[in-house]
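Engineer:
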């Protein structure tokens, strides 16, 4: 099976906030096979685990602003 990448102008506009090498929830596809954690602190509830553009809080507390775990 080969991967086909379509590089249309619309795709580039939609994909612009995504980083292919990043493992935050924003960037990982729905078919993931691993737990997503912050690359800095290793916590799943850290806002940076949800979106690489957010700052690391080094906290695993629930309800953090920006985290998908509320």
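Residue numbers (my numbering): 933 to 1002.
Every residue, glycine too, gets a C-beta built ideally from N, C-alpha and C.
Predicted model, so just to flag it, every value in this text is computed and none were measured.
(1) By Cβ distance below 7 Å, which residues in the same chain neighbour residue 956 in space, the five residues on each side in sequence not counted?
(2) With DSSP run on the structure shown, which of helix, strand or coil describes residue 982?
(3) Grab me the residues of residue 987's own chain with a C-beta within less than 8 Å of its C-beta, minus the 5 sequence neighbours each way, in chain order.
(4) Residues in its own chain within less than 8 Å of residue 993 by CB, not counting five upstream and five downstream?
Structural biologist: On the basis of the supplied data:
(1) Position 24 of the chain shown, counting from 1, holds the residue named residue 956. 968, 980, 981, 982, 983, 984, listed in sequence order.
(2) Your numbering for residue 982 matches position 50 in the chain shown. Three-state result, residue 982: helix.
(3) Position 55 of the chain shown, counted from the first residue, corresponds to residue 987. These residues qualify, in order along the chain: 979, 980.
(4) Taking the chain shown and counting its residues from 1, one reaches residue 993 at position 61. Excluding positions up to five away in sequence, the list reads 977.
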